[in-house]
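J.: Be aware that the sequence shown starts at 1, since it is given in UniProt numbering, and climbs by one per residue.
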Amino acid sequence: MADAPRTVLISGCSSGIGLELAVQLAHDPRQRYQVVATMRDLGKKGALEAAAGEALGQTLAVAQLDVCSDESVAQCLSCIQGGEVDVLVNNAGVGLVGPLEGLSLAAMQNVFDTNFFGAVRLVRAVLPGMKKRRKGHIVVVSSVMGLQGVVFNEVYAASKFALEGFFESLAVQLLQFNIFITLVEPGPVVTDFEGKLLEQVSTADFPDTDPDTLHYFRDFYLPASRELFRSVGQSPQDVAQTNARYTPLAALKAVDPSGSLYVRTSHRLLFRWTRFLNLGLRCLACGCLRIRIWPR
Ligand SMILES: NC(=O)c1ccc[n+]([C@@H]2O[C@H](COP(=O)([O-])OP(=O)(O)OC[C@H]3O[C@@H](n4cnc5c(N)ncnc54)[C@H](OP(=O)(O)O)[C@@H]3O)[C@@H](O)[C@H]2O)c1
Numbered sequence: 001m002a003d004a005p006r007t008v009l010i011s012g013c014s015s016g017i018g019l020e021l022a023v024q025l026a027h028d029p030r031q032r033y034q035v036v037a038t039m040r041d042l043g044k045k046g047a048l049e050a051a052a053g054e055a056l057g058q059t060l061a062v063a064q065l066d067v068c069s070d071e072s073v074a075q076c077l078s079c080i081q082g083g084e085v086d087v088l089v090n091n092a093g094v095g096l097v098g099p100l101e102g103l104s105l106a107a108m109q110n111v112f113d114t115n116f117f118g119a120v121r122l123v124r125a126v127l128p129g130m131k132k133r134r135k136g137h138i139v140v141v142s143s144v145m146g147l148q149g150v151v152f153n154e155v156y157a158a159s160k161f162a163l164e165g166f167f168e169s170l171a172v173q174l175l176q177f178n179i180f181i182t183l184v185e186p187g188p189v190v191t192d193f194e195g196k197l198l199e200q201v202s203t204a205d206f207p208d209t210d211p212d213t214l215h216y217f218r219d220f221y222l223p224a225s226r227e228l229f230r231s232v233g234q235s236p237q238d239v240a241q242t243n244a245r246y247t248p249l250a251a252l253k254a255v256d257p258s259g260s261l262y263v264r265t266s267h268r269l270l271f272r273w274t275r276f277l278n279l280g281l282r283c284l285a286c287g288c289l290r291i292r293i294w295p296r
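1) Could you spell out where the beta strand (DSSP E) holding Thr203 opens and where it closes?
2) Output needed for Thr213: all residues of its chain with C-beta closer than 6 Å, excluding positions within five of it in sequence on either side, in chain order.
3) Is any heavy atom of ligand 1 found at a distance shorter than 8 Å from the C-beta of Gly93?
4) Is the closest heavy atom of ligand 1 to the C-beta of Glu49 under 8 Å?
5) Among the residues of its own chain, which have a CB less than 6 Å from the CB of Gln241, if the five just before and after it don't count?
6) Mind reading off the beta-carbon distance from Leu163 to Ser11? Whole number of angstroms is fine, and I expect it under 8 Å.
7) Between Gly95 and Tyr156, which are expected to be in contact by the criterion C-beta below 8 Å, what is the C-beta distance as a whole number of angstroms?
8) For Asn115 and Met39, I'd like the C-alpha separation in whole angstroms.
9) Take every Cβ of the segment 172-182, pair it with every Cβ of the segment 136-144, and state whether three or more of those distances are shorter than 8 Å.
10) How many angstroms separate the CA atom of Phe193 from the CA atom of Val89?
11) Please work out which residues of its chain come closer than 6 Å, Cβ to Cβ, to Gln58, disregarding the five sequence neighbours upstream and downstream, and give them in chain order.
12) Which residues mark the beginning and the end of the alpha helix (DSSP H) in which Leu252 is found?
13) Gln58 by DSSP, collapsed to three states: which one?
14) Examine ligand 1 and report whether any of its heavy atoms sits within less than 8 Å of the Cβ of Glu185.
15) Would you mind reading off the limits of the alpha helix (DSSP H) that contains Asn278?
16) Mind checking whether the beta-carbon of Val189 lies closer than 8 Å to any heavy atom of ligand 1?
17) Compute the distance between the beta-carbons of Asp208 and Glu49, then report whether it is under 9 Å.
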């Protein structure tokens, strides 16, 4: 007899990775999942519903959930049959880029409220049920920036590092309850995420930032970031797989766990060897560099 479908709750499904994941799971040919695809603003559900097609109302339901609100989380869980979530996917997240001196503390706190405390809030809500049933899976969409910092992304990276430490610690205890944690660390993914950040950057004037720092941000970081997304960005459809094109960049930290090699290499590539950076990114995208330096 086939197992009953597992209830999968995903946060942040109005666009990007969350939307794609919800649709892919809902179309599972073996119908193993009953997807509760959530978003904070149901006014944005059109794209998800269109992509879900005939799965809508069958293997996929749309629900409101703001990960920054206790009431919203409680309300969402109360609408799930039996209140049982078998798989929780913490996907909702926001970015923040720019010179530190020009960002408000409120904006920084919003990043932690969403990316870190949003995930903690959801986990606390589903964990008692999972523990009682001695069964569960928690998936966390972290980032490669949860493994290595990236210039002008200090607060975002810190929120993802926080997730890594939190869930790595929790994973040990949860094995006692047959509950598993998966941390997913995508490199650049071409979604609304980058667009929202660029919009934020274009309207921000970064007060209290000295001209040199602004110059480094606008004339070095921003063009390099655009080139990075253009060259090695994945689509949200294939983000579930490892982005082999980005792997050599992530490997710098593995080669030298002190972080020094990564920091020095990033610094030289961004500020001194800018032409080589663009060329290198294009080589990573076409695969020729990887074939030369990477063992098969
Ligand atoms: N794109 C990348 O390059 C990349 C790389 C590594 C990791 N990630 C991570 O992947 C996850 C998904 O990002 P994405 O690329 O798919 O970007 P996206 O298209 O902007 O999706 C982010 C989702 O999070 C939602 N969200 C934001 N605040 C929320 C809140 N308080 N409550 C509930 N939902 C909220 C957004 O809803 P609204 O539409 O209402 O804003 C949106 O649905 C994020 O955790 C991000 O950090 C992205």
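Beta carbons are placed, not taken as given, at the ideal position from N, Cα and C, and that holds for glycine.
T.: Quick look at the numbers:
1) Here residue 203 corresponds to residue number 203 of the sequence shown, with the count starting at 1. Careful: Thr203 lies outside any beta strand (DSSP E), inside the alpha helix (DSSP H) at Asp192 to Thr203.
2) Stepping through the sequence shown from its first residue, residue 213 is reached at position 213. Counting only Cβ-Cβ distances below 6 Å, and skipping sequence neighbours, we find Pro99.
3) Indexing the sequence shown from 1 puts residue 93 at position 93. Flag set: Cβ of Gly93 near ligand 1.
4) Numbered from its first residue, the sequence shown carries residue 49 at position 49. No; taking the cut-off as 8 Å, the Cβ of Glu49 has no heavy atom of ligand 1 nearer than that.
5) As a first step, residue 241 is located in the sequence shown; it is residue number 241 there, counting from the start. With a pLDDT of 49 at Gln241, under the threshold of 50, the modelled position of that residue is not reliable, and no figure is offered here.
6) Here the question's residue 163 lines up with position 163 in the sequence shown. Here the question's residue 11 lines up with position 11 in the sequence shown. About 13 Å; that fails the 8 Å criterion.
7) In the sequence shown, residue 95 corresponds to position 95, counting from 1. In the sequence shown, residue 156 corresponds to position 156, counting from 1. Yes, Gly95 and Tyr156 are in contact; Cβ-Cβ is about 5 Å, under 8 Å.
8) Translated into the one-based positions of the sequence shown, residue 115 becomes position 115. Translated into the one-based positions of the sequence shown, residue 39 becomes position 39. Approximately 14 Å, taken between the alpha carbons.
9) yes
10) The residue given as residue 193 occupies position 193 in the sequence shown. The residue given as residue 89 occupies position 89 in the sequence shown. Taking the straight line from one Cα to the other gives about 18 Å.
11) Here residue 58 is taken as the residue at index 58 of the sequence shown, counted from 1. Taken in chain order, the list of residues that qualify is empty.
12) One-based indexing of the sequence shown puts residue 252 at position 252. Annotation for Leu252: the continuous alpha helix (DSSP H) segment containing it runs Thr247 to Val255.
13) Here residue 58 corresponds to residue number 58 of the sequence shown, with the count starting at 1. If DSSP states are grouped into helix, strand and coil, Gln58 belongs with coil.
14) Along the sequence shown, read from residue 1 onward, the residue named residue 185 stands at position 185. Yes; taking the cut-off as 8 Å, the Cβ of Glu185 has a heavy atom of ligand 1 nearer than that.
15) Here residue 278 refers to the residue found at position 278 of the sequence shown. Run containing Asn278: Thr274 to Cys286, per the alpha helix (DSSP H) assignment.
16) Locating residue 189 in the sequence shown gives position 189, counting from the first residue. True, at least one ligand heavy atom lies under 8 Å from that Cβ.
17) Walking along the sequence shown from the start, residue 208 turns up at place 208. Walking along the sequence shown from the start, residue 49 turns up at place 49. No, Cβ-Cβ distance for Asp208 and Glu49 is not below 9 Å.
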